[in-house]
Amino acid sequence: MITSTANPRVRFLRSLHERRGRRESGCFLIEGTRLVSDALQAGATFEMILYDPTRMTASPIGATMLERLPSGVAFAADERVVAAACDTATPQGIVAAVKHPPQRPIEDGLVLIVDALQDPGNLGTIIRSAAAAGAGAVVTTEGSADVFGPKAMRAGMGAHFRIGLYPDQPWRAVEDLTRGRSLLVALPRGGCPCWAVDWTRPSGLIIGGEAAGATDYARKIAAGAVTIPMHGDVESLNAAMAASIIAFESFRQRTQAGQAYHHT
1 MITSTANPRV RFLRSLHERR GRRESGCFLI EGTRLVSDAL QAGATFEMIL
51 YDPTRMTASP IGATMLERLP SGVAFAADER VVAAACDTAT PQGIVAAVKH
101 PPQRPIEDGL VLIVDALQDP GNLGTIIRSA AAAGAGAVVT TEGSADVFGP
151 KAMRAGMGAH FRIGLYPDQP WRAVEDLTRG RSLLVALPRG GCPCWAVDWT
201 RPSGLIIGGE AAGATDYARK IAAGAVTIPM HGDVESLNAA MAASIIAFES
251 FRQRTQAGQA YHHT
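In our numbering, the protein residues as written are 1 to 264.
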């Protein structure tokens with residue numbers, strides 16, 4: 001039983017709160033029974049797990065999960081220690097370090113390119129929507145929020161384990177990854193209505209950051225622009241909502257054309 005917050009395992013987990021720690025270790029942090037269960041189901045590689053046995057055995061879900069934890073990397077700790085390792089204000093009794101997954105191949109379907117998006121919650125929501133809408137992959141450009149940051153992981157609700165992710169890509173790599181696809185940039189106004197685009201063709205959607213929108217280079221290489229028509233003089237939708245609407249319009253068209261599929 002780990003009882004000290006100064007334990008090296010706790011310090012390691014705390015280092016994953018920061019992007020530098022995640023980059024240097026090749027691991028990211030997940031918290032709570034939901035995310036740990038998703039990681040187990042996906043066959044993720046666990047570097048370390050800390051759990052509060054009192055909290056975990058208090059519920060049937062927690063008790064069952066304890067039986068599924070990989071041996072050799074799971075360590076019991078008291079409530080205070082687990083809380084010290086967590087990023088959230090209300091820990092759920094289990095926290096883990098998971099190795100970055102191998103990159104999955106880009107599947108058929110819309111590829112979402114997230115360009116200089118700073119909000120990790122919006123990024124996680126985009127990943128969740130992309131997985132739910134049968135997208136082929138999510139690519140982020142250099143300067144975007146960290147795909148594997150704690151807030152993005154929580155907002156993703158396990159979707160990180162269900163779709164191909166290509167984080168922190170320079171634009172040259174983005175162009176290579178999306179070769180053969182028509183790239184469209186989402187703009188607040190002036191683009192083709194999203195329902196008028198033929199999303200059954202191989203496509204990529206560029207979603208810009210919250211404040212400045214897509215970068216100049218993204219607009220330069222895009223084959224065209226797409227817009228979500230809105231009623232009245234309403235402020236533009238945030239990046240996550242816009243990406244979700246267009247991703248599901250793509251899913252609707254591809255489903256009707258018999259092209260859509262479900263991630264496994």
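Glycine is no exception: its CB is placed at the ideal position from the N, C-alpha and C atoms.
Since this is a predicted model, take the numbers as computed values, not measurements.
Ile207, DSSP secondary structure in three states: Position 207 of the sequence shown, counting from 1, holds the residue named residue 207. The answer is strand: DSSP assigns Ile207 an E or B state.
For Gly121, the nearest candidate out of Ser144, Trp199 and Arg68 (CA to CA): Here residue 121 corresponds to residue number 121 of the sequence shown, with the count starting at 1. The shortest C-alpha separation from Gly121 is found at Ser144.
Host alpha helix (DSSP H) of Asp153 (start-end): Taking the first residue of the sequence shown as position 1, residue 153 is located at position 153. According to the sequence displayed, residue 153 carries Met and not Asp. Met153 -> alpha helix (DSSP H) spans Pro150 to Gly156.
Check whether Asp52 and Glu18 have beta carbons under 8 Å apart: As a working note, residue 52 is residue 52 in the sequence shown. As a working note, residue 18 is residue 18 in the sequence shown. For Asp52 and Glu18, no; Cβs fall outside 8 Å.
DSSP bridge partner residues for Asp115 (one or two, in chain order): In the sequence shown, residue 115 corresponds to position 115, counting from 1. Answer is Gly208.
Alpha helix (DSSP H) runs wholly inside the region 128-196, at least 4 long, in chain order: 150-156 and 171-177
Cα-Cα separation between Thr264 and Ala212, rounded to whole angstroms: Locating residue 264 in the sequence shown gives position 264, counting from the first residue. Locating residue 212 in the sequence shown gives position 212, counting from the first residue. No answer about Thr264 holds up, because its pLDDT of 49 lies below 50 and its placement is not dependable.
Supposed close pair Val139, Val174 - CB separation, criterion 8 Å: As a position in the sequence shown, residue 139 is number 139, starting the count at 1. As a position in the sequence shown, residue 174 is number 174, starting the count at 1. The pair is a contact, with the Cβ atoms about 6 Å apart (cut-off 8 Å).
Three-state class that DSSP yields for Ala94 in the structure shown: The residue labelled residue 94 in the question sits at position 94 within the sequence shown. Here residue 94 is Ile; the residue named in the question, Ala, does not match the sequence. Ile94 falls in the strand class under three-state DSSP.
Simplified DSSP assignment, three categories, for Leu29: Looking up residue 29 in the sequence shown gives position 29. If DSSP states are grouped into helix, strand and coil, Leu29 belongs with the strands.
Span of the beta strand (DSSP E), counted from its first residue to its last, around Gly62: Stepping through the sequence shown from its first residue, residue 62 is reached at position 62. Careful: Gly62 lies outside any beta strand (DSSP E), inside the alpha helix (DSSP H) at Pro60 to Arg68.
Cβ separation of Ile206 and Leu183, assumed to be a contact under 8 Å, to the nearest whole Å: Taking the sequence shown and counting its residues from 1, one reaches residue 206 at position 206. Taking the sequence shown and counting its residues from 1, one reaches residue 183 at position 183. Sure, about 6 Å apart at Cβ, within 8 Å.
Best match in Pro102, Val111, Ile221 and Lys151 for proximity to Ala243 [C-alpha to C-alpha]: Mapped onto the sequence shown, residue 243 falls at position 243. With distances taken between Cα atoms, Ala243 lies closest to Val111.
Boundaries of the alpha helix (DSSP H) in which Thr54 is found, first to last residue: Within the sequence shown, residue 54 is the residue found at index 54, counting from 1. Its alpha helix (DSSP H) spans residues Pro53 to Met56.
Proximity of Glu31 and Lys99 at Cβ, strictly below 8 Å: As a working note, residue 31 is residue 31 in the sequence shown. As a working note, residue 99 is residue 99 in the sequence shown. Cβ atoms of Glu31 and Lys99: not closer than 8 Å.
Beta-carbon proximity of Asp115 to Thr215, cut-off 8 Å: Taking the first residue of the sequence shown as 1, we reach residue 115 at position 115. Taking the first residue of the sequence shown as 1, we reach residue 215 at position 215. Against a cut-off of 8 Å, the Cβ pair of Thr215 and Asp115 comes out as a contact.
Cys86 versus Val95: straight-line alpha-carbon distance, rounded: Here residue 86 is taken as the residue at index 86 of the sequence shown, counted from 1. Here residue 95 is taken as the residue at index 95 of the sequence shown, counted from 1. The alpha-carbon atoms of Cys86 and Val95 are separated by roughly 6 Å.
Rounded separation between Arg68 and Ala83 - CA only: For the purposes of this step, residue 68 is taken as residue 68 along the sequence shown, with counting starting at 1. For the purposes of this step, residue 83 is taken as residue 83 along the sequence shown, with counting starting at 1. Approximately 22 Å between the Cα atoms of the pair.
Identified DSSP bridge partners for Thr227: Here residue 227 is taken as the residue at index 227 of the sequence shown, counted from 1. Answer is Pro193, bridged to Thr227.
Close Cβ partners of Pro167 (< 6 Å) along its chain, the five nearest in sequence each way excluded: Stepping through the sequence shown from its first residue, residue 167 is reached at position 167. So the qualifying residues of the chain are Thr140 and Val147.
Unbroken beta strand (DSSP E) run spanning Ala74, endpoints: The residue given as residue 74 occupies position 74 in the sequence shown. Its beta strand (DSSP E) spans residues Ala74 to Ala76.
Residue closest to Arg55, alpha-carbon to alpha-carbon, out of Pro91, Ala44, Thr125 and Pro70: Translated into positions along the sequence shown, residue 55 becomes position 55. If we check each option's Cα against that of Arg55, Pro91 comes out closest.
Helix, strand or coil at Met241 [DSSP, three-state]: On the sequence shown, residue 241 is found 241 positions in, with the first residue counted as 1. DSSP places Met241 in helix when its eight states are reduced to three.
Within 8 Å, strictly: CB atoms of Gly136 and Gly156: Translated into positions along the sequence shown, residue 136 becomes position 136. Translated into positions along the sequence shown, residue 156 becomes position 156. No; because the gap between Cβ atoms is not below 8 Å, this pair is not in contact.
Status (buried if at least 16 other CB within 10 Å, exposed otherwise) for Val197: Along the sequence shown, read from residue 1 onward, the residue named residue 197 stands at position 197. So Val197 counts as buried.
CB contact flag (Ala239, Gly208, <8 Å): As a first step, residue 239 is located in the sequence shown; it is residue number 239 there, counting from the start. As a first step, residue 208 is located in the sequence shown; it is residue number 208 there, counting from the start. Result yes, Cβ atoms of Ala239 and Gly208 sit closer than 8 Å.
Range of the contiguous alpha helix (DSSP H) that encloses Leu13: What you label residue 13 is simply residue 13 of the sequence shown in a count that begins at 1. That run of the alpha helix (DSSP H) goes Pro8 to Ser15.
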